[in-house]
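Each remark here refers to the structure printed beneath this line.
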Amino acid sequence: MSSVEELRHDCSALFQFIHRITACCQERHGPQAYDKASKEFFEYLRALGDATLRYLDRFADSAPKDSDLYYTYRQELWNLRSNWTILHSFIKPATDADTLQAPTSLLQSLAYRLSTVTGFALVKFAVFHTNDLNYLQLNTNEIRELAQRLVQLFPDGPKFPDHLGLIGFPYSQADALFSNILIAHEMGHYVFQERTNSGALGKLTTEVANAIQNALQPNVASFKPEHVQWCIKTVFSWTQELFCDLFAVQLVGPAYSFAYIELFDLVMILDPAGPSLAHATEFNASHPADALRLREQFRSLKKNGWWAEIKTTKSHYVEVLKKASSIRDKALLPPSHPIGRQTLDAFLAATPDIHGAISETLTGIDLGITEFKQYKRAIADHLVLGVVPSTLVMNGKPKYPGMVALINAGYKFYLEEINDLIDNIDGQDKTSARVRREWTNRLERWILKALEDSHLLSHQEV
Amino acid sequence: MVLSSKQVRRRMELDVKDQSSLIITPLLQQKDAVDLDSVDLRLGSYFILPQVTPEPAVLPSKRFAGRSQLKVHVPLGKYLVVPAHQTVLGATMEFIKLPYDVSGQILTKSSIARTFMVIETAPWIHPYYRGCLTLEIANVSNSPLLLYPGRLIGQLILMEISDPVDLPKLQGTYVGPVFPEHPPFNDPEDDLVKIGVAVDDVIVPIFGRV
Chain A
121 MSSVEELRHD CSALFQFIHR ITACCQERHG PQAYDKASKE FFEYLRALGD
171 ATLRYLDRFA DSAPKDSDLY YTYRQELWNL RSNWTILHSF IKPATDADTL
221 QAPTSLLQSL AYRLSTVTGF ALVKFAVFHT NDLNYLQLNT NEIRELAQRL
271 VQLFPDGPKF PDHLGLIGFP YSQADALFSN ILIAHEMGHY VFQERTNSGA
321 LGKLTTEVAN AIQNALQPNV ASFKPEHVQW CIKTVFSWTQ ELFCDLFAVQ
371 LVGPAYSFAY IELFDLVMIL DPAGPSLAHA TEFNASHPAD ALRLREQFRS
421 LKKNGWWAEI KTTKSHYVEV LKKASSIRDK ALLPPSHPIG RQTLDAFLAA
471 TPDIHGAISE TLTGIDLGIT EFKQYKRAIA DHLVLGVVPS TLVMNGKPKY
521 PGMVALINAG YKFYLEEIND LIDNIDGQDK TSARVRREWT NRLERWILKA
571 LEDSHLLSHQ EV
Chain B
137 MVLSSKQVRR RMELDVKDQS SLIITPLLQQ KDAVDLDSVD LRLGSYFILP
187 QVTPEPAVLP SKRFAGRSQL KVHVPLGKYL VVPAHQTVLG ATMEFIKLPY
237 DVSGQILTKS SIARTFMVIE TAPWIHPYYR GCLTLEIANV SNSPLLLYPG
287 RLIGQLILME ISDPVDLPKL QGTYVGPVFP EHPPFNDPED DLVKIGVAVD
337 DVIVPIFGRV
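If you read the protein sequences in the order shown, they are chains A and B.
Under this note's numbering, read the first sequence as residues 121 to 582, first letter to last.
Under this note's numbering, read the second sequence as residues 137 to 346, first letter to last.
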């Protein structure tokens with residue numbers, strides 16, 4: 121059997137491993153700054169690291185002498201190492217996402233808007249960079265479970281902070297506004313998980329389970345159990361994704377759908393030849409088809425009154441939404457799986473319930489349509505003259521538009537009037553993609569600045 | 137003629153499309169912000185700090201692009217330390233749109249100036265300007281000084297100009313900056329050739345080409 125001395129060696133090696141990881145989230149004195157949520161996340165990791173290291177420091181002292189028990193005891197070192205290996209994977213991405221390397225004012229505005237939703241008054245989000253061109257939310261439940269596993273080893277370990285979500289965004293998009301609107305979808309994941317934990321989505325869970333049962337009912341005995349399990353897992357995964365889309369549409373407005381179309385280049389579904397549309401109708405094991413997602417976003421926009429406001433927007437993105445709205449259920453393609461069709465049917469039967477769950481989740485929230493109608497022209501009038509639209513003068517009085525009006529009027533301007541802005545500037549060639557990119561970049565900065573100003577103007581002492 | 141507080145407020149009530157309109161946003165604590173003949177401005181959160189470069193010297197050229205500069209963000213509530221005898225670039229928190237017939241001058245607030253901090257090394261603002269004002273903030277004291285974004289730092293004096301010029305289009309280079317930006321430069325030979333210096337006569341050190 122191994123000696124205590126050997127165990128001390130192994131503890132020391134693991135101590136070094138974890139110490140190096142936690143050193144990366146020590147408070148820095150460099151130029152980087154972090155928002156409160158990120159700092160809270162780092163504080164948690166530091167406290168967790170300290171507790172782990174304290175535990176490791178004297179771990180070998182209590183090693184059992186019995187050979188069998190010894191290896192059971194030593195197993196804890198392996199557990200610690202594997203848990204810290206998981207944590208390791210996103211510490212650097214989180215430290216990279218300082219306030220200069222993240223769309224800070226957009227995040228602040230989105231979190232503030234989410235805080236008006238019942239049950240989410242205290243919510244905050246730490247952000248981290250992703251290498252993939254993708255947005256994601258780290259499942260808070262999984263992080264909490266990991267934290268719980270560690271705290272079981274050392275009871276003096278810290279509790280994972282309440283109301284803290286973790287969202288990843290592509291490292292290259294730090295100063296973007298439009299593409300980062302997709303962060304609202306990731307906030308939806310946090311809301312979905314929290315409401316599931318609290319039982320508030322119990323009705324949806326029941327309805328989805330019923331839909332699965334109905335879809336499989338006639339032949340349920342003939343399906344393999346693992347196929348049924350796959351079906352259940354897949355329908356719930358699709359349900360969560362669609363929930364998040366509809367959540368984002370209601371939280372932000374149609375700008376979410378436009379950003380979605382742009383990031384995934386779904387303009388191709390307008391191709392009359394059809395192959396791209398066919399591709400967009402395919403479901404995969406984790407996500408519903410893009411065409412379905414857009415169709416349901418369209419339905420949500422229409423139901424809540426946004427569509428009437430944007431349907432005349434002079435943009436091919438509106439045509440994409442119209443095209444998606446006409447896609448019929450039978451045109452949607454299930455993933456390749458023995459019970460793929462039944463799985464898709466179950467999900468389609470549950471989509472009205474997902475809309476219902478969103479309405480329930482966002483009961484009482486102002487969608488911002490009235491404000492958008494009131495301010496959209498004035499916001500565009502400012503942007504076309506190169507002016508940040510945080511204070512609008514209407515009938516001689518200052519008005520301060522909020523996030524939904526700024527983002528949606530800004531996106532509408534981007535789609536319809538960017539040429540008018542470029543026309544107002546001397547020596548600019550609006551046919552050049554480079555020039556258009558430069559002015560789009562400015563436009564995004566102005567709206568981000570307006571979001572920052574809006575927060576200040578609405579929170580100042582009068 | 138320097139605009140009075142009444143004239144400032146009257147212009148701020150005009151629609152943005154009116155050439156005479158003045159926009160200052162966000163104008164926080166609005167009642168106190170407009171003085172008899174000036175408008176108080178606050179410090180923004182973005183800065184550019186000078187850095188020591190690995191090259192023997194800095195050549196302002198097309199390739200300059202902030203190679204000797206470090207951009208930082210200091211959120212509200214945090215501070216930036218400006219070492220003694222150093223200069224940093226900052227910007228006003230307020231975005232300004234000047235009317236077609238008004239020039240502006242930004243001055244260090246007197247209370248700030250008495251700490252031996254000066255901001256007015258490029259104080260003149262032309263009609264039609266729009267953007268957050270870039271501030272060259274110099275600590276001319278012998279001690280490090282702390283800057284808090286959001287605090288008052290300057291005052292804007294506005295002057296009506298006689299016989300203003302109608303510009304059909306805005307000049308693009310500096311339209312709408314919302315934080316201090318790395319300045320755009322031509323290469324030295326491009327500038328000098330315009331005044332008759334032969335390209336071959338312009339000596340550019342090797343490191344300036346890297």
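Every residue, glycine too, gets a C-beta built ideally from N, C-alpha and C.
All values derive from a computational prediction rather than experimental measurement.
>> Quick check: is the beta carbon of B/HIS209 nearer than 9 Å to any beta carbon in chain A?
In response: yes
> Using a Cβ-Cβ cut-off of 7 Å (strictly less than) and excluding sequence neighbours within five positions of A/ASP155, which residues of its own chain qualify?
Replying inline: The residues THR219, THR224, in chain order, have a CB closer than 7 Å to that of A/ASP155 in the same chain once the five nearest residues on each side in sequence are set aside.
>> Against A/GLY506, what residues of chain B qualify as contacts under a CB-to-CB distance less than 7 Å, listed in chain order?
In response: ARG266, LEU306, VAL311, GLY312
> In chain A, which residues lie less than 7 Å from B/VAL152 when you measure between Cβ atoms?
Replying inline: ASP501, HIS502, LEU505, VAL507, VAL513
> Quick one: what's B/CYS268 bridged to in DSSP?
Replying inline: B/PHE231
> A/ALA570 to A/SER510, Cα distance in whole Å?
Replying inline: 5 Å
> B/GLY286 and B/ARG178 look like a contact to me (Cβ under 8 Å); what is the Cβ gap, rounded to whole Å?
Replying inline: 6 Å
>> In whole angstroms, give me the CA-to-CA distance for A/GLY506 and A/ILE499.
In response: If you take the alpha carbons of A/GLY506 and A/ILE499, they lie about 11 Å apart.
> So what's A/LEU324 in DSSP terms, helix, strand or just coil?
Replying inline: helix
>> Is A/MET121 close to chain B? Criterion is C-beta to C-beta, closer than 9 Å.
In response: Only weak support is given to the placement of A/MET121: the predicted model assigns it a pLDDT of 49, under 50, and the value that follows is read from those uncertain coordinates. So, not an interface residue.
>> Quick check on B/ASN322: buried or exposed, where buried means 16 or more other Cβ atoms within 10 Å of its Cβ?
In response: exposed
> What separation, rounded to the nearest whole angstrom, lies between the Cα atoms of B/SER156 and B/PRO300?
Replying inline: 11 Å
> What residue range is occupied by the uninterrupted beta strand (DSSP E) comprising B/GLU296?
Replying inline: Looking at the DSSP string, the run of the beta strand (DSSP E) that includes B/GLU296 is 288-296.
> Looking at the unbroken beta strand (DSSP E) that takes in B/THR161, where does it start and where does it end?
Replying inline: 159-161
> Rounded to whole angstroms, how far is the Cβ of B/ASP237 from the Cβ of B/ILE297, which I believe are closer than 8 Å?
Replying inline: 6 Å
>> For A/MET121 and A/LEU176, I'd like the C-alpha separation in whole angstroms.
In response: In this predicted model, A/MET121 has a pLDDT of only 49, less than 50, meaning its place in the structure is not dependable; the value taken from the coordinates is given anyway. Distance between the alpha carbons of A/MET121 and A/LEU176: 20 Å.
> Quick one, which of A/ARG201, A/PHE356, A/VAL247 has its alpha-carbon nearest A/LYS212's?
Replying inline: A/VAL247
> B/LEU163 CB to nearest chain A CB: under 9 Å?
Replying inline: yes
> Can at least three beta-carbon pairs, one atom from the stretch 137-153 of chain B and one from the stretch 217-231 of chain B, be found at a separation below 8 Å?
Replying inline: no
> Helix or strand or just coil, what does DSSP make of A/MET121?
Replying inline: The pLDDT assigned to A/MET121 is 49, lower than 50, so where the model puts this residue is not dependable; a value taken from the coordinates is nonetheless given after this. Coil.
> In terms of residues, what are the limits of the beta strand (DSSP E) holding B/LYS153?
Replying inline: That residue, B/LYS153, is in no beta strand (DSSP E); it is neither H nor E in DSSP.
> Is A/VAL555 helix, strand or coil when you go by DSSP?
Replying inline: helix
> Going straight from the alpha carbon of B/VAL338 to that of A/GLY150, what length do you get?
Replying inline: 40 Å
>> According to DSSP, A/GLY288 sits in a beta bridge with which residue or residues?
In response: A/PHE248, A/LEU256
>> Check whether chain B comes within 9 Å of A/ARG556, counting only Cβ atoms and requiring the distance to be less than that.
In response: no
> According to the Cβ coordinates, are A/GLY285 and A/LYS344 closer than 9 Å?
Replying inline: no
>> Give me, in chain order, the residues of the same chain whose beta-carbon lies closer than 6 Å to that of A/HIS129; leave out the 5 immediate sequence neighbours on both sides.
In response: none
> Closest by CA to A/SER299, which one among A/LYS279, A/VAL372, A/ALA267?
Replying inline: Comparing Cα positions, the closest option is A/VAL372.
>> Do A/ALA231 and A/MET307 count as a contact pair if the criterion is CB distance below 9 Å?
In response: yes
> Taking all protein chains shown into account, do 16 or more other C-beta atoms lie within 10 angstroms of the C-beta of A/ALA341, making it buried, or fewer, making it exposed?
Replying inline: exposed
> Looking only at DSSP bridge pairs, what is A/MET514 linked to?
Replying inline: A/LYS517
> For chain B, is any of its Cβ atoms less than 9 Å away from the one on A/ALA296?
Replying inline: No, no contact with chain B.
> Hey, quick one: how far does the alpha helix (DSSP H) through B/THR189 stretch, first residue to last?
Replying inline: Boundaries cannot be given for B/THR189, as no alpha helix (DSSP H) includes it and DSSP labels it neither H nor E.
>> 9 Å is my cut-off, CB to CB: does B/LEU294 come that close to chain A?
In response: Put simply, the CB of B/LEU294 is far from chain A, with every gap to its CB atoms at 9 Å or more.
>> When you compare the CB positions of A/LEU452 and A/THR401, do they come within less than 9 Å of one another, or not?
In response: yes
> What three-state label does DSSP hand A/ASN404 in the structure shown?
Replying inline: coil
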